[in-house]
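Notes for the one structure printed next.
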Amino acid sequence: INKDLIGEVQFVSAAGPFSVPIRCTIKKCDLSVDIDLIAFGTHVVGQTISRAITLTNRGALGTCFTLVSSPCPSLVQSQLQAQAQALSEASSASTEVRP
Numbered sequence: 001i002n003k004d005l006i007g008e009v010q011f012v013s014a015a016g017p018f019s020v021p022i023r024c025t026i027k028k029c030d031l032s033v034d035i036d037l038i039a040f041g042t043h044v045v046g047q048t049i050s051r052a053i054t055l056t057n058r059g060a061l062g063t064c065f066t067l068v069s070s071p072c073p074s075l076v077q078s079q080l081q082a083q084a085q086a087l088s089e090a091s092s093a094s095t096e097v098r099p
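Using the UniProt record's numbering, read the sequence shown as starting at 1 and increasing by one per residue.
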C-alpha cells in the first residue's frame with residue numbers, strides 16, 4: 001500500500017470503551033527554496049555573475065532535482081507588467097464613483 005492511512009484502534013476496558021487514533025504516512029519529499037526568482041540583472045558579454053539559492057528537503061524521502069532556466073527575461077517582464085496593469089485596472093474600476 002503506497003498511501004497514507006488514518007484510523008483508530010478500539011478498546012474495551014472496565015472503565016468503558018475507548019479508541020486510540022492511528023496515522024501511518026508514506027515517506028514524502030518536501031522541497032522548498034529560499035527565493036522564488038533569481039534575478040541576475042544586466043551584465044556584459046564575458047562577465048560572470050553568480051547567485052546562491054538554498055534548496056531544502058524537509059521530507060523523509062530523497063529525490064532528484066533539475067534546474068530549468070526560465071523563459072526569455074523580456075517575456076517574463078512583459079507578463080509581470082501585464083499582471084500589474086490588470087491589477088491596476090481592477091483597483092481603479094472598484095473605486096469608480098458611478099451616479
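Quick reminder that beta carbons are idealized off the backbone N, C-alpha and C, glycines included.
Checklist entry - Does the distance from the C-beta atom of residue 20 to that of residue 12 stay below 7 Å? => result Against a cut-off of 7 Å, the Cβ pair of residue 12 and residue 20 comes out as no contact.
Checklist entry - Can the beta-carbon of residue 61 be found closer than 7 Å to that of residue 29? => result Closer than 7 Å, so yes.
Item to check | Beta-carbon contacts of residue 65 that lie in its chain and below 8 Å, excluding the five residues immediately before and after | outcome: For residue 65, same chain residues with a beta-carbon under 8 Å away, outside a window of 5 residues either side, are 31, 55 in chain order.
Checklist entry - How many Å lie between residue 22 and residue 3 at the Cα? => result Roughly 14 Å between the two C-alpha positions.
Item to check | Contact set for residue 16: own chain, Cβ-Cβ below 7 Å, skip 5 residues either direction | outcome: Here the set comprises nothing.
Item to check | Residues that residue 62 bridges to, as DSSP identifies them | outcome: According to DSSP, residue 62 bridges with nothing at all.
Next on the checklist: What does the alpha-carbon distance come out to for the pair residue 42 and residue 27?
Outcome noted: Approximately 42 Å, taken between the alpha carbons.
Next on the checklist: Considering only DSSP beta bridges, list what residue 24 is partnered with.
Outcome noted: 5.
Item to check | Backbone CA spacing between residue 33 and residue 84 [nearest angstrom] | outcome: Taking the CA atoms as reference points, residue 33 sits about 25 Å from residue 84.
Checklist entry - Which residues in the same chain as residue 6 place their Cβ atom closer than 6 Å to its Cβ, once the five residues preceding and following it in sequence are excluded? => result For residue 6, where only same-chain residues beyond five positions count, the Cβ hits under 6 Å are 23.
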